[in-house]
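Enquirer:
In full-length UniProt numbering, the protein residues as written are 1 to 29.
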């Protein structure tokens with residue numbers, strides 16, 4: 001159970017990072 005929660009937290013962190021990265025790329029263009 002704890003491992004599953006950990007994976008979800010890491011997944012959301014990664015998603016947030018990708019979203020911020022995509023937004024920065026759009027702003028630079």
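For glycine and all other residues, C-beta sits at the position ideal for the given N, C-alpha and C.
All of these numbers come straight from a predicted model, not from anything done at the bench.
Identify whether residue 7 lies in helix, strand or coil by the three-state DSSP scheme.
Expert: To locate residue 7, count along the chain shown from 1; it is residue 7. Residue 7 falls in the helix class under three-state DSSP.
Enquirer: Could you tell me the distance, in whole angstroms, from the CA atom of residue 18 to the CA atom of residue 3?
Expert: Residue mapping note: residue 18 aligns to position 18 of the chain shown, counting from 1. Residue mapping note: residue 3 aligns to position 3 of the chain shown, counting from 1. In a straight line, the C-alpha of residue 18 is about 22 Å away from that of residue 3.
Enquirer: In whole angstroms, what separates the C-alpha of residue 32 from that of residue 20?
Expert: Residue 32 lies beyond the stretch modelled for the chain, which goes from 1 to 29, so this question has no answer here.
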